[in-house]
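>
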Amino acid sequence: MTRIRLLGLLVLAITVMSCSHHSTGPSASTTTSSAPASATSTRPPVAPVTGPKLPPFIPSAAVGANCQYPPSADAASKSAAKPQNGKIATEPAMVGLTIVTNQGRIGLQLANNESPCTVNSFVTLAQKSFFDNTECHRLTTARALSVLQCGDPKGDGTGGPGYQFVNEFPTDQYPPGEPALQVPVVYPRGTLAMANAGPGTNGSQFFMVYRDSLLPPNYTIFGTINDAGLAVIDKIAAAGVAGGKDDGQPATEVTITSARRD
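Offset between the sequence shown (1-based) and this note's numbering: plus 879.
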């Protein structure tokens, strides 16, 4: 089983990948400089991170030209409709989708013009109720990594839809093997991106950035979160991580009740 996690700035030398095929997100356990606070304590202000910006999106004929969703090593954790293979239209440029949780509604704008293969998969899963009644199983509160991770029906970071697909923006803005792919860039507050366990292992797990975070550009960005949705995530983050850690299950349970295209 492969646990999907995201890597933080100070663990880049380790690896983005986990031991198997589970989706991983950024790893934040070594990025905090303060002692863990309890879920009910008042956390001190966090200094903003600094780093290179994301590359600009430069469209090409390859974007959406041949989306492929081969089977993953692990079977689907929940019955899932596989998205169609082949050419995916990049219009409309943006697609609205709303995630309803027990903590509030999170509105998304999906960047279909930049990451159409990812948007195609995400919308297909959402429309087929794949995300319904699943938990957002991971919250990170470290300075360099501040995300809420969701999309795993198993709720432990190892689940997925039974298929996988390759990265899109910003990874596709670099030549393969480019050293800059290992250099952290700022994923801004409000970013919606895919978690993965290494190249070509995107599945159903995704993360929402509620504070600027540093990550190598190996995590597909496929949309943004609206202000009301960020307020919901801020509330979840303010309650902290269970056990007073900076990476783990949210202290406040977060359950997705539905996710549907607007």
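Glycine included, each C-beta is placed from N, C-alpha and C at the ideal position.
If we ignore side chains and look at the alpha-carbon of each, how far apart do residue 1101 and residue 968 end up?
Here residue 1101 refers to the residue found at position 222 when the sequence shown is read from its first residue. Here residue 968 refers to the residue found at position 89 when the sequence shown is read from its first residue. Answer to the nearest angstrom: the Cα atoms are 15 Å apart.
> Could you compute how far the alpha carbon of residue 991 sits from the alpha carbon of residue 1052?
In the sequence shown, residue 991 corresponds to position 112, counting from 1. In the sequence shown, residue 1052 corresponds to position 173, counting from 1. For residue 991 and residue 1052, the distance between alpha carbons rounds to 16 Å.
> Given that a residue counts as buried once 16 or more other Cβ atoms are within 10 Å of its Cβ, and exposed if not, what is residue 1043?
Counting from one through the sequence shown, the residue named residue 1043 turns up at place 164. By the neighbour-count rule (16 or more Cβ atoms within 10 Å), residue 1043 is buried.
> Can you tell me whether residue 914 is buried or exposed, with buried defined as 16 or more other CB within 10 angstroms of its CB?
Taking the sequence shown and counting its residues from 1, the one referred to as residue 914 is at position 35. Because residue 914 sits at a pLDDT of 32, beneath the cut-off of 50, its placement in the model cannot be relied upon, and the following sentence gives the value as read from the coordinates. Looking at its Cβ environment, which holds fewer than 16 other Cβ atoms inside 10 Å, residue 914 is exposed.
> Relative to the alpha-carbon of residue 1129, which residue among 1088, 1014 and 977 has its alpha-carbon at the smallest distance?
Counting from one through the sequence shown, the residue named residue 1129 turns up at place 250. Distance from the Cα of residue 1129 is smallest, within the candidate group 1088, 1014 and 977, for 1014.
> Out of curiosity, what's the CA-to-CA distance linking residue 1024 and residue 1063?
Taking the sequence shown and counting its residues from 1, the one referred to as residue 1024 is at position 145. Taking the sequence shown and counting its residues from 1, the one referred to as residue 1063 is at position 184. Taking the straight line joining both Cα atoms gives about 11 Å.
> Excluding five sequence neighbours on each side, which residues of the same chain lie with their C-beta closer than 6 Å to the C-beta of residue 979?
By one-based count along the sequence shown, residue 979 stands at place 100. Only 1136 and 1137 meet the Cβ criterion.
> Starting from residue 1126, follow its DSSP beta bridges and name the residues at the other end.
As a working note, residue 1126 is residue 247 in the sequence shown. DSSP output for residue 1126 lists 1019 as bridge partner(s).
> Could you please give the first and the last residue of the uninterrupted alpha helix (DSSP H) stretch that includes residue 1005?
For the purposes of this step, residue 1005 is identified with residue 126 of the sequence shown, where counting begins at 1. Residues 995 to 1006.
> For a test of the three-state rule: what should DSSP assign to residue 1133, helix, strand or coil?
Against the sequence shown, residue 1133 aligns to sequence position 254. It is coil, neither helix nor strand.
> So, with DSSP's three-state summary, where would you put residue 1094?
As a first step, residue 1094 must be located in the sequence shown, where it is residue number 215. Strand at residue 1094.
> Quick one: what's residue 982 bridged to in DSSP?
Numbered from 1 along the sequence shown, position 103 holds the residue referred to as residue 982. Answer by DSSP bridge pairing: none, since residue 982 is not bridged.
> Is it buried or exposed for residue 1126, if we count other Cβ within 10 angstroms and need 16 for buried?
Taking the first residue of the sequence shown as position 1, residue 1126 is located at position 247. That one is buried.
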